[in-house]
Amino acid sequence: MNAVLPDGRNLELTPGATAADAARAIGPGLAKAAIGAIANGELYDLLRPLPDGAELRILTEKDPEYAQLFRHTLAHVMAQAVRELYTERGFAPEQVRLAIGPVIENGFYYDIDAPEPIREEDLPLVEEKMRQIVAANLPLKRFVLSREEALRRFEGLDPYKTELIQDLPVGEEISFYQQGDERFGFTDLCRGPHLPSTGRIPPHFKLTSLAGAYWRGDSSRPMLQRIYGIAFRSREELDNYLWQQEEARRRDHRKLGAELDLFTIAEEVGKGLPLWLPRGAFIRRQLENYMYEKEQEHGYQYVYTPHIANARLYYTSGHLPYYAEDMYAPIEIEGEEYYLKPMNCPHHHLIYKARPKSYRDLPLRLCEFGTLYRFELSGTLTGLTRARGFTQNDAHIYCSRRQVTDEFIKVIQLFDEVYRDFGISDYWFRLSLPDFEHNPEKFGVENDNWRDAIAAIRAALEQTGAKYVEGIGEATFYGPKLDVQIRSVLGKEDTIATNQLDFIVPERFGLEFTNERGEKETPVCIHRAIMGSFDRFFAFYLEHTAGDFPLWLSPIQAVIVPISDRHLEYANQVAAEMRKNKLRAEVDSRPERMNAKIRDAELQKIPLVLVLGDKEAEAGAVNVRERHVKEQRTLSVGELIGEMKGRVNSRK
RNA sequence: GCCACCCUAGCUCAACUGGUAGAGCACCCGACUUGUAAUCGGAAGGUUGUCGGUUCAAUUCCGAUGGGUGGCUCCA
């Protein structure tokens, strides 16, 4: 057999040769440095026989694929370490069942079914054993078994591996990797690839957390324990990652929400039901005002709807049979059931229906800051990001089928405007499509409705040139959706808003309009939320800015610090003057030193600190200390007000 | 909801293997009147999330329950 090298050179190899053999044939230096290879575009390790005639590139520790190899091998090293831990505790090795242990971004995990629960305090012990295994430099071996042999190996011992083998397509090679020997080692069913020995693993790894995980991601199946680890090729990368995690904790909106007095969640009110404190409420109101203005400009009309509704409404909408479990239990009144409103759509549909509609009324854009209550699973609640009560920046656009693309274009343009104003540039769309093959009970069958809807959204995306990806199987039961994906300053991806095309529910509600020819036609509905929910957007924005809000959004724009008590009167005058000009200033009149007041204002992330002493009082001026600006400036009160108003108006 | 862990004053944290709760900051009071990130002193503040058990004795050990954290599942 042979292989073709990147320079086109032909390399003769003996049958069954591995990348290790190929590297050795090229040269002793490479043989030593090699850690794997790319053969026909696929990552091979040094242990797996190469395909004949492969286009071959030998990899060394310099190549990015190295990380994949050592992370994967680390998963096995961890499995061996966990087994040893339990063996020391008197269990048989096979009582520790190992489900799957893949490579993930930044690291690896292994799902384990242990004879007694793995505890958090076990992680350092496991990690220590892992380091011993790495230090022992155990060589890895790869071998292949027939299906029968492989199944026999796990028969009656490990239902997980048995299931994995049974699910492998017939004809697929069943490979195993063994590190070390029977006495000190570990063998696992594994597709590979791996490093040739545990000693090639860089020592920059760490076990980070212990979590539950359902076998095969299915909540009806047993829950295993998952140990997560991170691993990097260098100390710098590891430290950088840890620093990022630390920074993420510092910016966590729950932490900032407490530190900056923005919101709180009281047990007595109920979990997932946040209370907005005055400063947080102020910012939220600014967001609402902002959207109100924007949406007016874009031809939306505001409505109000009640917070509870008769159960029949949700039967009509089709939500109740599917989503009852995600709604708060009904309230029984006068023999009828009422539900807390979990979505605004049906209410808006009835607003549409309240008067007959002509094609001239379309597109009709109904809009509401709608407060919703959803009975989210308790384990999923997180601050404002995932709450049980929240307020959507919701709208429903009713239009004819011909108008769908245009309306979607307008929605995308509105997104661009709003997100630009908030300095958010790292976002993109995700077109969520149905999966008729795997989930026919949710999506039904492919028909013209689906085809037209998807085509209309695609056309809008292409005409606006919006960045987008596609997600199969993520559509709703009533149509495809266009989610807005956002990346936080620390690289975490999240869905911040979702826009859905609905061609089923208008029909169920009997919505119609009279077209140009005098015929009745059913409109299409676009569900759209620019900021998603104010709560989630606020949480994202809080983390995005680390609480360093721009002047126009800051609840307190300036703190006035009189140097001594005799400047208090002038300070109050300045504050009054600013308030008269709709600027938000507070005088810090506490019996504290000036330095302490400045420090507190900085910690509260107040954009401007105005220091007033004899000089300023005499000149009718203020000394301006601006956050993140080194030099202080002295301005007249008038100049300051003018400058601040200018910045507020331009939203800076 | 499921798995692991956590819960001590408003906040951040102490209290050797069970011996009966303490500090800093914040709040309040008083003194100081200061030029760009913490002035000094004092007072007050806790049934150690809740309920139950073991024990002569529980913040500490066990069980239940509530809330939280990290994940899994879910997210109309």
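Note that the working numbering gives residue 564 to position 564 of the first sequence, counting from 1, and the numbers run on in steps of one. Ideal placement from N, C-alpha and C gives every residue a C-beta, glycine not left out.
Problem set entry | Rounded distance between the beta-carbons of residue 202 and residue 233, thought under 8 Å | Within the first sequence, residue 233 is the residue found at index 233, counting from 1. Within the first sequence, residue 202 is the residue found at index 202, counting from 1. About 5 Å separates the Cβ atoms of residue 233 and residue 202, confirming a contact at the 8 Å cut-off.
Exercise. In three-state terms, what does DSSP make of residue 438?
Worked result: Taking the first residue of the first sequence as position 1, residue 438 is located at position 438. Of the three classes helix, strand and coil, the one that applies to residue 438 here is coil, per DSSP.
Exercise. Are residue 585 and residue 606 close, meaning C-beta to C-beta below 7 Å?
Worked result: In the first sequence, residue 585 corresponds to position 585, counting from 1. In the first sequence, residue 606 corresponds to position 606, counting from 1. Result no, Cβ atoms of residue 585 and residue 606 do not sit closer than 7 Å.
Exercise. Going by alpha carbons, who is nearest to residue 422 out of 287, 58, 463, 92?
Worked result: Here residue 422 refers to the residue found at position 422 when the first sequence is read from its first residue. Taking only the C-alpha atoms, the option nearest residue 422 is 287.
For this session: Return the chain-ordered ranges of every alpha helix (DSSP H) run that is complete within the region 318 to 367 and spans a minimum of 4 residues.
Result: As far as the region 318 to 367 is concerned, its whole alpha helix (DSSP H) runs of at least 4 residues are 319 to 323, 345 to 353.
Exercise. Just how far apart, CA to CA, sit residue 678 and residue 238?
Worked result: Outside the displayed range of the chain (1 to 652) lies residue 678, so it cannot be described from this structure.
Problem set entry | Inter-residue Cα distance where the pair is residue 16 and residue 187 | Locating residue 16 in the first sequence gives position 16, where the first residue counts as 1. Locating residue 187 in the first sequence gives position 187, where the first residue counts as 1. Taking the CA atoms as reference points, residue 16 sits about 22 Å from residue 187.
Exercise. Just curious, the beta strand (DSSP E) that residue 468 is in, first and last residue?
Worked result: Counting from one through the first sequence, the residue named residue 468 turns up at place 468. Looking at the DSSP string, the run of the beta strand (DSSP E) that includes residue 468 is 468 to 472.
Problem set entry | From 243, 430, 283, 513, residue whose alpha carbon lies closest to that of residue 261 | Within the first sequence, the letter at position 261 stands for residue 261. Looking at the Cα atoms, 283 is the closest of the given residues.
Exercise. Taking C-beta to C-beta, are residue 303 and residue 368 nearer than 7 Å?
Worked result: Translated into positions along the first sequence, residue 303 becomes position 303. Translated into positions along the first sequence, residue 368 becomes position 368. In this structure, residue 303 lies near residue 368, with their beta-carbon atoms less than 7 Å apart.
For this session: Check whether the Cβ atoms of residue 457 and residue 478 lie closer than 7 Å to each other.
Result: Looking up residue 457 in the first sequence gives position 457. Looking up residue 478 in the first sequence gives position 478. Not a contact, by the Cβ cut-off of 7 Å.
Problem set entry | residue 305 in three-state terms, based on DSSP | Counting from 1 along the first sequence, the entry for residue 305 is found at position 305. DSSP places residue 305 in the coil class of the three-state scheme, outside both helix and strand.
For this session: Out of 361, 482, 101, 41, state which residue places its alpha-carbon closest to the alpha-carbon of residue 495.
Result: Residue mapping note: residue 495 aligns to position 495 of the first sequence, counting from 1. In terms of CA proximity to residue 495, 482 leads the group 361, 482, 101, 41.
For this session: Determine, using beta carbons only, whether residue 604 and residue 583 come nearer to each other than 7 Å.
Result: The residue labelled residue 604 in the question sits at position 604 within the first sequence. The residue labelled residue 583 in the question sits at position 583 within the first sequence. Contact flag unset, no.
Exercise. Per DSSP, residue 399 is paired with what?
Worked result: Working through the first sequence from its first residue, we reach residue 399 at position 399. DSSP, once it has assigned bridges, lists 524 as partnering residue 399.
Exercise. Beta-carbon separation of residue 265 and residue 278 under 7 Å?
Worked result: As a first step, residue 265 must be located in the first sequence, where it is residue number 265. As a first step, residue 278 must be located in the first sequence, where it is residue number 278. No, they are not a contact pair.
For this session: Pair every Cβ in the region 192 to 199 with every Cβ in the region 138 to 146, then say whether three or more of these pairs are closer than 8 Å.
Result: Below 8 Å, enough C-beta pairs join the region 192 to 199 and the region 138 to 146 to call them touching: three or more.
For this session: Measure the alpha-carbon distance for residue 471 versus residue 446 and round it to whole angstroms.
Result: Along the first sequence, one-based indexing puts residue 471 at 471. Along the first sequence, one-based indexing puts residue 446 at 446. So the alpha carbons of these two residues sit roughly 17 Å apart.
Exercise. Does the count of Cβ pairs from the region 508 to 517 and the region 348 to 358 closer than 8 Å reach three?
Worked result: By the Cβ test, the region 508 to 517 is in contact with the region 348 to 358, since at least three Cβ pairs between them sit closer than 8 Å.
Problem set entry | Expected contact under 8 Å - CB spacing of residue 207 and residue 150 to nearest Å | For the purposes of this step, residue 207 is identified with residue 207 of the first sequence, where counting begins at 1. For the purposes of this step, residue 150 is identified with residue 150 of the first sequence, where counting begins at 1. Contact between residue 207 and residue 150 fails: their C-beta atoms lie close to 29 Å from each other, not under 8 Å.
For this session: Using alpha carbons as the reference points, say which of 366, 388, 365, 131 lies closest to residue 376.
Result: In the first sequence, residue 376 corresponds to position 376, counting from 1. Comparing alpha-carbon positions, the option among 366, 388, 365, 131 lying closest to residue 376 turns out to be 388.
Exercise. Using 8 Å as the threshold, is the region 20 to 38 in touch with the region 53 to 68, meaning 3 or more CB pairs across them?
Worked result: Three or more Cβ pairs drawn from the region 20 to 38 and the region 53 to 68 lie within less than 8 Å of each other, which places the two stretches in contact.
For this session: Give me the Cα-Cα distance between residue 77 and residue 22, rounded to the nearest whole angstrom.
Result: Position 77 of the first sequence, counting from 1, holds the residue named residue 77. Position 22 of the first sequence, counting from 1, holds the residue named residue 22. Each residue's Cα considered, the two are about 27 Å apart.
Problem set entry | Residue closest to residue 85, alpha-carbon to alpha-carbon, out of 123, 72, 53 | Within the first sequence, numbered from 1, the residue matching residue 85 stands at position 85. Among 123, 72, 53, the Cα nearest to that of residue 85 is on 123.
Problem set entry | From 45, 222, 155, residue whose alpha carbon lies closest to that of residue 175 | Within the first sequence, numbered from 1, the residue matching residue 175 stands at position 175. Among 45, 222, 155, the Cα nearest to that of residue 175 belongs to 45.
Exercise. Does the distance from the CB of residue 497 to the CB of residue 529 come in under 7 Å?
Worked result: As a working note, residue 497 is residue 497 in the first sequence. As a working note, residue 529 is residue 529 in the first sequence. Yes, Cβ-Cβ distance for residue 497 and residue 529 is below 7 Å.
Exercise. Using the rule of at least 16 other Cβ atoms within 10 Å of the residue's Cβ for burial, across every protein chain shown, is residue 429 buried or exposed?
Worked result: In the first sequence, residue 429 corresponds to position 429, counting from 1. Under this definition residue 429 is a buried residue.
For this session: Specify the secondary structure class of residue 57 as computed by DSSP and reduced to three states.
Result: The count along the first sequence starts at 1 and reaches residue 57 at position 57. Three-state DSSP puts residue 57 in a strand.
For this session: Would you check if the region 399 to 413 and the region 540 to 554 touch, i.e. whether three or more CB-CB distances between them fall below 8 Å?
Result: Touching, no, given that fewer than three Cβ pairs across the two stretches are closer than 8 Å.
Problem set entry | Segment contact flag, the region 370 to 385 with the region 532 to 543, C-beta cutoff 8 Å, min 3 pairs | Touching, yes.
Exercise. Between the beta-carbon of residue 613 and the beta-carbon of residue 563, is there less than 7 Å?
Worked result: Along the first sequence, read from residue 1 onward, the residue named residue 613 stands at position 613. Along the first sequence, read from residue 1 onward, the residue named residue 563 stands at position 563. Yes, these two residues count as a Cβ contact at 7 Å.
For this session: Assuming residue 340 and residue 351 form a contact by the criterion Cβ under 8 Å, report the distance between their Cβ atoms to the nearest whole angstrom.
Result: As a position in the first sequence, residue 340 is number 340, starting the count at 1. As a position in the first sequence, residue 351 is number 351, starting the count at 1. With 8 Å as the limit, residue 340 and residue 351 do not qualify as a contact, their Cβ atoms being about 19 Å apart.
For this session: Count the other C-beta atoms from every protein chain shown that fall within 10 angstroms of the C-beta of residue 71, then say buried if there are 16 or more, exposed otherwise.
Result: Position 71 of the first sequence holds residue 71. By the 16-neighbour rule on beta-carbons within 10 angstroms, residue 71 is buried.
Exercise. Between residue 480 and residue 398, is the Cβ-Cβ spacing less than 7 Å?
Worked result: Position 480 of the first sequence holds residue 480. Position 398 of the first sequence holds residue 398. No, these two residues do not count as a Cβ contact at 7 Å.
For this session: Go ahead and label residue 167 buried or exposed: buried means 16 or more other beta carbons lie within 10 angstroms of its beta carbon, across all protein chains shown.
Result: Numbered from its first residue, the first sequence carries residue 167 at position 167. Classification of residue 167: exposed, given that the 10 Å Cβ count is below 16.
Exercise. Which residue comes first and which comes last in the alpha helix (DSSP H) that contains residue 515?
Worked result: For the purposes of this step, residue 515 is identified with residue 515 of the first sequence, where counting begins at 1. Counted as a single uninterrupted DSSP element, the stretch harbouring residue 515 is not any alpha helix (DSSP H), since DSSP gives it neither H nor E.
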